[in-house]
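Asker: Okay, here's the structure, questions in a sec.
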Amino acid sequence: MLSAILAVLLQVGPNPSAQPITAVPVELDEMRRRQRDQQQEGESVILPQSGKLDSCLERAEADTAAARIEAEAWLAGAVGITRSQALQCRGYAEANLGLWGDAAETFLTARGEDAAATDPKYRARLSAMAANALLTAGNTERALEVLDIAQADATNSGFTALMGEISIDRARALVALGENDQAAEALSAARSALPYSARAWLLSATLARRVGDLATAQSFIETASSLEQRSAEIGLEAGVIAVLSGQDEAARRSWQSVIDLAPQSAEAQTAGNYLRQLDNQ
């Protein structure tokens, strides 16, 4: 039988609103991941190609304070779309400094600059970045408002991949507000828009598990695993679902696979803790 301690630990474990700690701020890491995925899927590049912008963004990761100064100097003489680019870099630097509220407002200002000259997909991305910054800042209700703007931008520009990502972000916000039913609807929309997104299926599994629908959670996590077979995060959640379903040996295999796959990761540390509790019950 599952120990009371382990049961409580697993119930408050991985969840759709949680964000991993990475060397690069989560929103920025997400932005780059999404760009790579969209280019691989044939989506057009949605950030304008600019040597100056690329240079400023690179500087923002290496020397954030200097990048912020550079962006301000660039902004002083910029017009049209270059103002959006300068503001994007400033927002990027602000996010790296942990100034998430400032970053959100900067991205929104960038979105509003010279709408006639700015690619609609770029505007959609900027509004999505602003929403992510607000989520990171904990301003969830405002984030939902901006996500509505982002979704309209993405819909108007036919940016299907981003529409799915925005649905995932809406789910994160709704979970944080305790609106699980609405979050489930948002994740359903994400799966429809991004049927090959392991992340959409993983978060769907996690939410289903948290509301006690273990059969659905198992189905979702199996799909996530088939799409991304070497994922510590998926392996960790698979073990959680298994142990709550009374499948201790399956849980043990899943958690051990996480340790074998990424022994230095936070997921591996959590998996090790779960295994020790399982062995000591």
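First residue of the sequence shown: 0, per numbering that gives the first Met the number 0; consecutive thereafter.
By construction, the Cβ of each residue, glycine as well, lies at the ideal position given by its N, Cα and C atoms.
Because the structure is a prediction, the values reported are computed rather than measured.
Classify SER166 as helix, strand or coil using the three-state DSSP reduction.
Answerer: In the structure shown, SER166 sits in a helix (DSSP, three-state: H, G or I).
Asker: Closest by CA to ASP278, which one among SER230, ASP247, THR269?
Answerer: Nearest of SER230, ASP247, THR269 to ASP278, Cα basis: ASP247.
Asker: Mapping DSSP to helix, strand and coil, what is VAL78?
Answerer: Note: VAL78 maps to coil in three-state DSSP.
Asker: In three-state terms, what does DSSP make of ASP62?
Answerer: Three-state DSSP puts ASP62 in coil, outside helix and strand.
Asker: For the putative contact between SER264 and ALA231, defined by C-beta atoms under 8 Å, what is the C-beta separation to the nearest angstrom?
Answerer: Rounded, the Cβ-Cβ distance is 5 Å, consistent with contact.
Asker: If I measure Cβ to Cβ from ARG275 and keep anything under 6 Å in the same chain, skipping five residues before and after, which residues do I get?
Answerer: Correct list: empty, nothing qualifies.
Asker: Taking buried to mean at least 16 other C-beta atoms within 10 Å of its own C-beta, is GLN345 buried or exposed?
Answerer: The structure shown does not extend to residue 345, since the chain is modelled only from 0 to 280, so the question has no answer here.
Asker: VAL257 to ARG209, Cα distance in whole Å?
Answerer: So the alpha carbons of these two residues sit roughly 21 Å apart.
Asker: Should GLN228 be labelled buried (16 or more other beta-carbon atoms within 10 Å of its own) or exposed?
Answerer: Exposed, by the Cβ-count rule.
Asker: Report buried or exposed for SER191, applying the criterion of at least 16 other Cβ atoms within 10 angstroms of its Cβ.
Answerer: Its Cβ having fewer than 16 others within 10 Å, SER191 is exposed.
Asker: When we look at the beta-carbon of TYR91 and count the other beta-carbons within 10 Å, is it buried (16 or more) or exposed?
Answerer: Buried, because 16 or more other Cβ atoms sit within 10 Å of the Cβ of TYR91.
Asker: Suppose the cutoff is 8 Å on Cβ atoms and the five residues either side in sequence are ignored; what does the same chain contact list for THR154 look like?
Answerer: Within the same chain, THR154 has close Cβ partners MET162.
Asker: Along the chain, where does the alpha helix (DSSP H) containing ALA204 start, and where does it finish?
Answerer: Note, ALA204: alpha helix (DSSP H), 197-209.
Asker: My understanding is that LEU226 touches ALA204, with C-beta atoms under 8 Å, so please give their C-beta distance in whole angstroms.
Answerer: Not a contact, Cβ separation roughly 12 Å.
Asker: Using beta-carbon positions only, say whether ALA129 and ALA103 come within less than 8 Å of one another.
Answerer: Yes; because the gap between Cβ atoms is below 8 Å, this pair is in contact.
Asker: Identify whether SER264 lies in helix, strand or coil by the three-state DSSP scheme.
Answerer: Coil, per DSSP.
Asker: Which residues in the same chain as ALA70 place their Cβ atom closer than 7 Å to its Cβ, once the five residues preceding and following it in sequence are excluded?
Answerer: Contacts found: CYS55, ALA85, CYS88, ARG89, ALA92.
Asker: For the alpha helix (DSSP H) containing LEU243, list its first residue and its last residue.
Answerer: 231-243 is the extent of the alpha helix (DSSP H) around LEU243.
Asker: Assuming LEU74 contacts ARG82 (C-beta within less than 8 Å), just tell me the rounded distance between them.
Answerer: 6 Å between Cβ atoms; contact.
Asker: Just the Cα atoms here: how many angstroms apart are LEU176 and ARG141?
Answerer: Those two C-alpha atoms are separated by around 12 Å.
Asker: Which residues in the same chain have their Cβ closer than 7 Å to the Cβ of PHE219, if we skip the five residues on either side of it in sequence?
Answerer: Once the five neighbours on either side are set aside, the close Cβ partners of PHE219 are TRP200, SER203, ALA204, ALA207.
Asker: Which of the three DSSP states, helix, strand or coil, is assigned to GLN246?
Answerer: Coil.
Asker: Give the range of the alpha helix (DSSP H) segment to which GLN217 is assigned.
Answerer: Note, GLN217: alpha helix (DSSP H), 213-226.
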